[in-house]
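To convert, count from 1 in the sequence shown and add 195; that's full-length UniProt numbering. Cβ coordinates follow ideal geometry from the N, Cα and C atoms, glycine included. The structure displayed is predicted, hence computed values, not measured ones.
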Amino acid sequence: QGKRDLAGKRVLISAGGTREYLDPVRFIGNPSTGKMGLALAQAAFHRGASVTLVHGPASWDVPLGVQGISIINAEQMQQVMLEYLPDAAVIVMSAAVADVKPRDYSTEKLAKRSLPQALPLEPVPDIVAQLGQLKQPHQCLIGFAAQTGDIVTPANEKLQNKKLDFIVANPIDQPDSGFGSDNNQAIFLDSHGRKVEIAPCSKLQMAHHLFDFVVSGEI
Ligand code: C5P
Numbered sequence: 196q197g198k199r200d201l202a203g204k205r206v207l208i209s210a211g212g213t214r215e216y217l218d219p220v221r222f223i224g225n226p227s228t229g230k231m232g233l234a235l236a237q238a239a240f241h242r243g244a245s246v247t248l249v250h251g252p253a254s255w256d257v258p259l260g261v262q263g264i265s266i267i268n269a270e271q272m273q274q275v276m277l278e279y280l281p282d283a284a285v286i287v288m289s290a291a292v293a294d295v296k297p298r299d300y301s302t303e304k305l306a307k308r309s310l311p312q313a314l315p316l317e318p319v320p321d322i323v324a325q326l327g328q329l330k331q332p333h334q335c336l337i338g339f340a341a342q343t344g345d346i347v348t349p350a351n352e353k354l355q356n357k358k359l360d361f362i363v364a365n366p367i368d369q370p371d372s373g374f375g376s377d378n379n380q381a382i383f384l385d386s387h388g389r390k391v392e393i394a395p396c397s398k399l400q401m402a403h404h405l406f407d408f409v410v411s412g413e414i
């Protein structure tokens, strides 16, 4: 792919899972590896964009030429995304944000015997919903919905509730796709009711399909 169709544009991408710590060694998290966000950053950079990649703990290196910002929890991710939002033409929220956090944090490691029987939880901020409220009409905001079973209905609800321009509905109960895989499959849904199915492909190809749609305005 030799396209430079994102030249002069700033693309802001979130990737990977967030962690909400209970004490210095224990956290609530999820199995996201950030590979989809990494592929998005590679694709956007390849197409000429200035790319900022805000990512949770990851086993890969941020590509040369991409600005990487490493965070741990949802509030830190929220802060960085809000800071970089105004300059971004395209915002892709591919991070798997932990939905809840422990209400209490202990700065000392809790002894096994003093671990609580039940863990009081609090919601974390819904970052993409906040970006949806703040974004300007010229900005394109894209969310992801990792789902099992019927992937379209809940993704459409998220598209509307969070005021996204489009959403990538991602089955995580199919072989070789979703969390940790190098491949993915998806249905793209947009705010005009359009629906495009993307057959199983590499995450890098999926990333290019996504930017093809952004650039062509097809979705
Ligand atoms: O968790 P959920 O399936 O609702 O995630 C859908 C979209 O919302 C994803 O793009 C995810 O990055 C985003 N999200 C968020 N903040 C949260 C939870 C999810 O930005 N607290």
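Query	Result
heavy atom of ligand 1 below 8 Å from Met288 C-beta	yes
Nearest residue (CA-CA) to Gln380, options Ala341, Phe361, Tyr300 and Ala284	Ala341
Opening and closing residue of the beta strand (DSSP E) in which Leu305 lies	Counting along the chain, Leu305 falls outside any beta strand (DSSP E), and DSSP gives it neither H nor E.
Backbone CA spacing between Ala394 and Ala238 [nearest angstrom]	18 Å
Sequence-distant residues of the same chain with beta carbon closer than 6 Å to Lys296, five excluded per side	Glu215, Glu317 and Val319
6 Å Cβ shell around Asp368 - same chain, five flanking residues per side excluded	Thr343
Chain-order list of residues whose beta-carbon lies under 6 Å from that of Ala244 (same chain, five-residue window excluded)	Leu201, Lys204 and Val206
Beta-carbon contacts of Lys304 that lie in its chain and below 6 Å, excluding the five residues immediately before and after	Asp218, Pro219 and Val220
Where Asn365 falls, given that 16 or more other Cβ within 10 Å makes a residue buried	buried
Spatially closest choice to Pro332 from Ile286, Phe383 and Val261, by CA coordinates	Ile286
Stretch pair the stretch 264-281 + the stretch 223-243: three plus CB contacts closer than 8 Å	no
Inter-stretch contact (C-beta, 8 Å, three-pair minimum) for the stretch 384-391 and the stretch 346-360	yes
Proximity below 9 Å, CB of His250 to CB of Gly232	yes
Val206 in three-state terms, based on DSSP	strand
Distance cut-off 8 Å: Gly338 Cβ against heavy atoms of ligand 1	yes
Sheet register partners of Val287 (DSSP bridge)	Ile208 and Ile337
Coil, strand or helix - Ile414 by DSSP	For Ile414, the predicted model reports a pLDDT of 46, less than 50, meaning its position is unreliable and no value from the coordinates is stated.
Asp345 beta carbon near ligand 3 (any heavy atom closer than 8 Å)	Among the ligands in the structure shown, ligand 3 does not appear; only ligand 1 can be found there.
Lys358 beta carbon near ligand 1 (any heavy atom closer than 8 Å)	no
Collapsed DSSP secondary structure at Leu235 in the structure displayed	helix
Cβ neighbours of Val261 in the same chain (closer than 7 Å, five flanking residues each side left out)	Ala236, Phe240, Val246 and Leu248
Asp371 versus Ser309 - alpha carbon distance	40 Å
Of the listed residues Ile382, Val292, Thr302 and Ala290, nearest to Asp345 (C-alpha basis)	Ile382
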